[in-house]
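All remarks here apply to the structure that follows.
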Amino acid sequence: MITVVVQSMSGNTDELADLIMLKLEEAGMKAEKKAVRDIRGNLDLSECDGILFGTYTWGNGEIPRHMKPVVDRIKSQNLTAVPCGVFGTGDSFYPHFCGAVDRLRSLLKLVTGESAPALKVELLPQPSDDERAASFVRTYLSHYKAVKKKHVQKRQEMTR
């Protein structure tokens, strides 16, 4: 099951999460959505089968402070065997469009060694974003399979 962790202020990122979950389900994957406020003390990210992080961008391209518990977990838990992806909404009026997506993606690359797929959407998802969400899910599922295969091979090598 893919865990979709979402922080939304205006509802735009939450809407995008729903669209992504629909695309995951259409691809045959189960998904569950968790709001950041609901996971503060009781979610071990390293136990997730796969994770998609959804966020809005705050200020000058920053990760919102409400995402701090998630960022702290990303930094402290071993996610090398957990396929991750990032999505978010933003306003291209600002100089760092969806900067939080870029920052989360960079953090994930640092801690997992993998380049997480990412999707950025302007404000509220529109019908024209449907195919972009489907493409993101296809890319994520390819990444998911590659990460899982890599870690199965590592476990097999360790048992030899």
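Heads up: the sequence shown runs through residues 1 to 160, numbered per the UniProt record's numbering.
Ideal placement from N, C-alpha and C gives every residue a C-beta, glycine not left out.
What you are looking at is a predicted structure, and each value in this text was computed from that prediction instead of being measured.
Residue i vs residue j beta-carbon contact at 8 Å
i	j	result
SER46	VAL86	no
VAL137	ALA118	no
CYS98	ILE51	no
GLY54	ALA17	yes
THR112	LEU141	no
VAL6	THR13	yes
LEU124	GLU15	yes
TYR56	MET21	no
ASP129	GLN77	no
SER92	GLU62	no
Boundaries (first-last residue) of the beta strand (DSSP E) holding residue i
i	result
PHE87	84-90
Per-residue burial, residue i [other beta carbons within 10 Å of its own, 16 or more giving buried]
i	result
MET1	exposed
ASN42	exposed
TYR94	exposed
THR159	exposed
SER105	Note that residue 105 corresponds to Arg in the displayed sequence, not to Ser. Buried: at least 16 other Cβ atoms inside 10 Å.
ALA133	buried
ARG103	buried
PRO11	First, the residue type needs correcting, since residue 11 is Gly and not Pro in the sequence shown. GLY11 should be labelled exposed.
LEU110	exposed
PRO127	exposed
Member of the options whose CA lies at the smallest distance from the CA of residue i
i	options	result
residue 162	MET9, LEU108, GLU131	An answer regarding residue 162 cannot be provided, because it is not within the stretch 1 to 160 covered by the chain.
PRO69	GLU62, ILE39, TRP58, LYS30	ILE39
LYS149	ASP49, VAL71, GLY88, GLU62	ASP49
GLY90	LYS120, VAL71, ALA116	LYS120
SER115	SER92, ALA146, SER135	ALA146
MET29	ARG37, GLY61, TYR144, GLN77	TYR144
ALA35	MET67, GLU25, LYS23, LEU19	MET67
Residue-chain proximity (residue i, chain C), Cβ-Cβ < 8 Å
i	result
LEU119	Although the question refers to chain C, the structure presented lacks it and comprises just one protein chain.
What residue ranges within the UniProt domain "Flavodoxin-like" (2-141) form continuous alpha helix (DSSP H) runs of no fewer than 4 residues, ordered along the chain?
-> Counting only runs of 4 or more, we get 12-26, 68-76, 99-112.
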